[in-house]
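Engineer:
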Amino acid sequence: MNEIGNDIKIESLPVTGGMRRFANLVSIIGTSTKTNDKLNALADFFAVADEKDKVWVIALFSGRRPRRTIRGSLLQEWSASLANIPLWLFEECYHTVGDLSETIALLIPDELTLPDPPIRSLHYYVERFLALEKSSEEEKKEFMIESWKELSPPERFVFNKLLSGAFRIGVSQKIMVNALAKTISLEPSVIAHRISGNWDPVTTNFQSLLSEESAKTDFSKPYPFYLAYALEELPDSLGAPADWQAEWKWDGIRGQLIKRNKELFVWSRGEELMTEKFPEYAALLDLIPDGTVIDGEIIPSIDDRPLPFALLQTRIGRKNITKKQLQEVPMTFFSYDLLEFGGEDFRERSLSERRLVLEQIVQSASHPILKISAIIDFESWDELTTIRTKSRDMGAEGVMLKRKNSAYQVGRKRGDWWKWKIDPLVIDAVMIYAQKGSGRRSNLYTDYTFAVRDGDKLVSFTKAYSGLTDKEFSEVDNFVKRNAIEKFGPVRTVKPELVFEIAFEGIAASNRHKSGVALRFPRINRWRKDKKADEINTLEDLKNILEIYGK
Numbered sequence: 018m019n020e021i022g023n024d025i026k027i028e029s030l031p032v033t034g035g036m037r038r039f040a041n042l043v044s045i046i047g048t049s050t051k052t053n054d055k056l057n058a059l060a061d062f063f064a065v066a067d068e069k070d071k072v073w074v075i076a077l078f079s080g081r082r083p084r085r086t087i088r089g090s091l092l093q094e095w096s097a098s099l100a101n102i103p104l105w106l107f108e109e110c111y112h113t114v115g116d117l118s119e120t121i122a123l124l125i126p127d128e129l130t131l132p133d134p135p136i137r138s139l140h141y142y143v144e145r146f147l148a149l150e151k152s153s154e155e156e157k158k159e160f161m162i163e164s165w166k167e168l169s170p171p172e173r174f175v176f177n178k179l180l181s182g183a184f185r186i187g188v189s190q191k192i193m194v195n196a197l198a199k200t201i202s203l204e205p206s207v208i209a210h211r212i213s214g215n216w217d218p219v220t221t222n223f224q225s226l227l228s229e230e231s232a233k234t235d236f237s238k239p240y241p242f243y244l245a246y247a248l249e250e251l252p253d254s255l256g257a258p259a260d261w262q263a264e265w266k267w268d269g270i271r272g273q274l275i276k277r278n279k280e281l282f283v284w285s286r287g288e289e290l291m292t293e294k295f296p297e298y299a300a301l302l303d304l305i306p307d308g309t310v311i312d313g314e315i316i317p318s319i320d321d322r323p324l325p326f327a328l329l330q331t332r333i334g335r336k337n338i339t340k341k342q343l344q345e346v347p348m349t350f351f352s353y354d355l356l357e358f359g360g361e362d363f364r365e366r367s368l369s370e371r372r373l374v375l376e377q378i379v380q381s382a383s384h385p386i387l388k389i390s391a392i393i394d395f396e397s398w399d400e401l402t403t404i405r406t407k408s409r410d411m412g413a414e415g416v417m418l419k420r421k422n423s424a425y426q427v428g429r430k431r432g433d434w435w436k437w438k439i440d441p442l443v444i445d446a447v448m449i450y451a452q453k454g455s456g457r458r459s460n461l462y463t464d465y466t467f468a469v470r471d472g473d474k475l476v477s478f479t480k481a482y483s484g485l486t487d488k489e490f491s492e493v494d495n496f497v498k499r500n501a502i503e504k505f506g507p508v509r510t511v512k513p514e515l516v517f518e519i520a521f522e523g524i525a526a527s528n529r530h531k532s533g534v535a536l537r538f539p540r541i542n543r544w545r546k547d548k549k550a551d552e553i554n555t556l557e558d559l560k561n562i563l564e565i566y567g568k
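Residue numbers (the numbering used here): 18 to 568.
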């Protein structure tokens, strides 16, 4: 959730604590475009909030959302009954609003809100909800209705988002860490490390989470990742080529391989513990020294050549990995950097020094699962520019540039690490379906399906949700409302007139899609107002791109 609902306002509410304080925080973060406003709102919250609520905010804002334990259809049924309206009318309202949480919050009559409701904390609602996971449907219903009556519409909206599994918040880890640093006497880099890892907000208190002891006792705890900014100009502005290390930018899952306490752990950049999803890595347990943390890319490959990302996706969502899958999608770990060795934090050492030790570790392990991301040899920026054009031939997205004397920092920093991606693949297509968005765009048609020509037919091949300005989204929304042909629930079929250039990073064959292809990171590159629908690309064009660039 990155924005508040269009019709639900929080600013006018007095902030008295508990859930209301949290709802007010979400409103400020969701509606503000200024980093300092978000930072100050978080710092103010951490300065006065209940200790357990602080823990839950850290958890929620770093992606540890409560599991959804109540079906959306039940929430619709209960709230429609409470609002005393038929289910068909609720569904019509839902299609108009475009967001289930907001629809429920708006439809429950104000007169049902208790005149003097108890002021309950954020953690009360979340933890009580979690405790109901195995309870009866009637007990869950009683809790939801009781909560709806206790909360004001703005609080109710945030409460619904929290418990629906759809909670997203537009705040970076960096902002949250800096806000914490304003209220406690720790460096941001230390805080970022201590709030990472495998901890449960239900059983963790604020003091222990940020204590030095927590970092020592949680052997699985990863380090915060160092992220690169995109290089948007030629690299000759970076100075002497000899000061830089170049590598391929691989397209997998950024991860950390951790060996501590004679145990092996695998973490993703999204702070998901993924050890069980990649059982192949267990072979490295006895080959990597204890007290070692390696930063790299989780990626399937054969003969050092990466396989399509789509194959990696088949592994991510599965609880049990079959022998066939292990054979068909052989996982490897392309090592980039060394963060810890012999239990010592290596991040402040130079990249050159870290790389030297990393090469020794990979060479000593001598296992096909653990690879080292090769350094690209180049003498001049012109030479590297030419090499970069071969990225797709290598199965890469471009080139990474890292200053050889750089430390391994926390988060996204400018100066020492850059990603120099190749231009995306593009194809012209026509919009054929539209659906309303969510949050602040829940009243606008902003989710689109696109098609290419196949003879005299149109074949859908991808969806895209981003790439237009607010003004352009409004123009397209107006077009959809004036040119809708058919209605299928929230989806509208529209006249195939608007042409867009669709950009994507990769393409793979797919028997799940009518077009026979699946795109990697599709988005709208530009609105082609200069083109008509009969000038769009064809399905044959799309398959030619697949033949050339597909893997």
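For every residue, glycine included, the Cβ atom is placed at its ideal position computed from N, Cα and C. Since this is a predicted model, take the numbers as computed values, not measurements.
Quick one: residues in its chain with C-beta nearer than 6 Å to the C-beta of residue 69, no 5 flanking neighbours on either side, listed in chain order?
Structural biologist: Within the same chain, and ignoring the five residues on either side of residue 69 in sequence, the residues whose Cβ sits closer than 6 Å to its Cβ are 140.
Engineer: Alpha carbon to alpha carbon, what distance is there between residue 294 and residue 347?
Structural biologist: 12 Å
Engineer: If I measure Cβ to Cβ from residue 521 and keep anything under 7 Å in the same chain, skipping five residues before and after, which residues do I get?
Structural biologist: These residues qualify, in order along the chain: 441, 442, 536, 537, 538 and 539.
Engineer: What distance in whole Å lies between the Cβ atoms of residue 338 and residue 269, which are believed to be in contact at a cut-off of 8 Å?
Structural biologist: Actually they do not touch by this definition, with Cβ atoms about 17 Å apart.
Engineer: Can you tell me which of 527, 266, 551 and 454 puts its alpha carbon nearest to the alpha carbon of residue 509?
Structural biologist: 454
Engineer: Identify the continuous beta strand (DSSP E) that holds residue 128 and give its terminal residues.
Structural biologist: Run containing residue 128: none; DSSP gives neither H nor E here.
Engineer: Going by DSSP in three states, residue 452 sits in which element: helix, strand or coil?
Structural biologist: strand
Engineer: So within the segment 300-366, which uninterrupted alpha helix (DSSP H) runs reach at least 4 residues, ignoring any that extend past its ends?
Structural biologist: 326-333 and 340-345
Engineer: One question on the structure: do residue 274 and residue 310 come within less than 9 Å of each other, judged by their Cβ atoms?
Structural biologist: yes
Engineer: Can you tell me which residues form a DSSP beta bridge with residue 247?
Structural biologist: 436
Engineer: So, for residue 553: in the same chain, excluding its five sequence neighbours on each side, which residues have a beta-carbon less than 7 Å away from its beta-carbon?
Structural biologist: 445, 446, 447, 469, 470 and 516
Engineer: Name, in chain order, the residues that DSSP records as bridge partners for residue 285.
Structural biologist: 272
Engineer: Along the chain, which unbroken stretches of the alpha helix (DSSP H) at least 4 residues long are found entirely within the segment 92-126?
Structural biologist: 104-114 and 117-124, all fully within the segment 92-126.
Engineer: Around the Cβ of residue 62, are there at least 16 other Cβ atoms within 10 angstroms (buried) or fewer (exposed)?
Structural biologist: buried
Engineer: Count the CB pairs spanning the segment 486-499 and the segment 412-427 that are closer than 8 Å, and state whether there are at least three.
Structural biologist: no
Engineer: Would residue 422 be called buried (16 or more neighbouring beta carbons within 10 Å of its own) or exposed?
Structural biologist: exposed
Engineer: Quick one: is residue 47 buried, meaning 16 or more other Cβ sit within 10 Å of its Cβ, or exposed?
Structural biologist: buried
Engineer: Quick check: the Cα distance between residue 100 and residue 287, rounded to an integer number of angstroms?
Structural biologist: 39 Å
Engineer: Taking 9 Å as the cut-off, decide whether the C-beta atoms of residue 165 and residue 129 are in contact.
Structural biologist: Annotated as proximal: residue 165 and residue 129, with beta-carbon spacing under 9 Å.
Engineer: Expressed to the nearest angstrom, what Euclidean distance is found between the alpha-carbon atoms of residue 300 and residue 351?
Structural biologist: 15 Å
Engineer: By how many angstroms is the C-alpha of residue 183 removed from the C-alpha of residue 81?
Structural biologist: 12 Å
Engineer: Output needed for residue 241: all residues of its chain with C-beta closer than 7 Å, excluding positions within five of it in sequence on either side, in chain order.
Structural biologist: Leaving aside the five residues that flank residue 241 on each side, the residues in its chain whose CB is nearer than 7 Å to its CB run, in chain order, 209, 210, 213, 427 and 428.
Engineer: Give me the Cα-Cα distance between residue 93 and residue 40, rounded to the nearest whole angstrom.
Structural biologist: 22 Å
Engineer: Can you give the Cα-Cα distance for residue 390 and residue 264, rounded to whole angstroms?
Structural biologist: 7 Å
Engineer: Could you tell me whether the segment 394-402 touches the segment 316-330, where touching means 3 or more Cβ pairs closer than 8 Å?
Structural biologist: no
Engineer: Which residue wins for smallest C-alpha separation from residue 560, given the options 504, 356, 531 and 549?
Structural biologist: 531
Engineer: Between the C-alpha atoms of residue 203 and residue 197, what's the straight-line distance to the nearest angstrom?
Structural biologist: Whole-angstrom Cα-Cα distance: 8 Å.
Engineer: Which of helix, strand or coil does DSSP assign to residue 517?
Structural biologist: strand
Engineer: Please classify residue 105 as buried or exposed, where buried requires at least 16 neighbouring CB atoms within 10 angstroms.
Structural biologist: So residue 105 ends up on the exposed side.
Engineer: Based on Cα-Cα distance, which residue from 181, 502 and 304 lies nearest to residue 513?
Structural biologist: Cα-wise, what sits closest to residue 513 is 502.
Engineer: For residue 179 versus residue 134, is the C-beta distance shorter than 9 Å?
Structural biologist: Contact flag unset, no.
Engineer: Return the CA-CA distance between residue 114 and residue 333, expressed in angstroms with no decimal places.
Structural biologist: Cα-Cα distance, rounded: 33 Å.
Engineer: Closer than 6 Å by C-beta to residue 29: which residues in its own chain qualify, once you throw out the five before and the five after it? Chain order, please.
Structural biologist: Interpretation of residue 29 is limited by its pLDDT of 41, a score under 50 that renders its predicted location unreliable; the figure taken from the coordinates is listed afterwards. Take residue 29, set aside five residues on each side of it, and no residue of its chain has a beta-carbon closer than 6 Å to its own.
Engineer: Identify whether residue 532 lies in helix, strand or coil by the three-state DSSP scheme.
Structural biologist: coil
Engineer: Express the C-alpha separation of residue 483 and residue 378 in angstroms, rounding to a whole number.
Structural biologist: 42 Å
Engineer: Starting from residue 525, follow its DSSP beta bridges and name the residues at the other end.
Structural biologist: 535
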